[in-house]
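Numbering (my numbering), first residue to last: 792 to 899. Quick notes on the structure that follows.
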C-alpha cells in the first residue's frame, strides 16, 4: 500500500513537472481542488493523485493552456511529464498501472 508521504511526494512532483510543460498557462484546481487540497499546500494545484489497490497510481491533472498552443500537444506533453515525475518520485513503490487523465479547463 502507498503511504500518504509517498502520495504527497508524487503529487508535489507531478505539480512541478506540469508547471514546466511548454504551453501550460497554469494548473486549474477550481473549487474541487480547494475542497480536497491540504491547508497551506503548495506546488500541486490542479493535481489529484490516488494510489490504486495492489499498486500503481491514478493521476488527474487540470490545466489552462496558453493561446497558440494546440491543446492536444499540451495534453500529450503533460502526460509524458506526469509519467516521468511519478517514476522519479515513487521509485520502489509497488509496480502497477499508471492512469493519467489530463483536462484542459481553459485557453488563455
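Cβ coordinates follow ideal geometry from the N, Cα and C atoms, glycine included.
What does a CB cutoff of less than 7 Å around residue i pick up in its chain, not counting 5 residues either side in sequence?
i: residue 801; result: 840, 848, 877, 880 and 881
For residue i, which residues of its own chain have a beta-carbon under 6 Å away from its beta-carbon, when the five flanking residues on both sides are left out?
i: residue 853; result: 819, 837, 894 and 896
i: residue 873; result: 805, 850 and 891
i: residue 812; result: 868, 869 and 872
i: residue 860; result: 814
i: residue 888; result: 847
Does DSSP put residue i in a helix, a strand or coil?
i: residue 824; result: In this prediction, residue 824 scores a pLDDT of 46, lower than 50, which makes its location untrustworthy; no coordinate-derived value is stated.
i: residue 837; result: coil
Assuming residue i and residue j make a contact with CB atoms under 8 Å, what is their CB distance in whole Å?
i: residue 899; j: residue 857; result: 7 Å
i: residue 865; j: residue 815; result: 6 Å
Who does residue i pair with in a DSSP beta bridge?
i: residue 815; result: 856
i: residue 844; result: Per DSSP, none; premise fails for residue 844.
i: residue 809; result: Paired residues: none, contrary to the question.
(message) I'd like the ranges of any beta strand (DSSP E) spanning at least 3 consecutive residues and lying wholly in the segment 847 to 893.
(response) If only uninterrupted beta strand (DSSP E) runs of at least 3 residues are considered, those enclosed by the segment 847 to 893 are 848 to 856.
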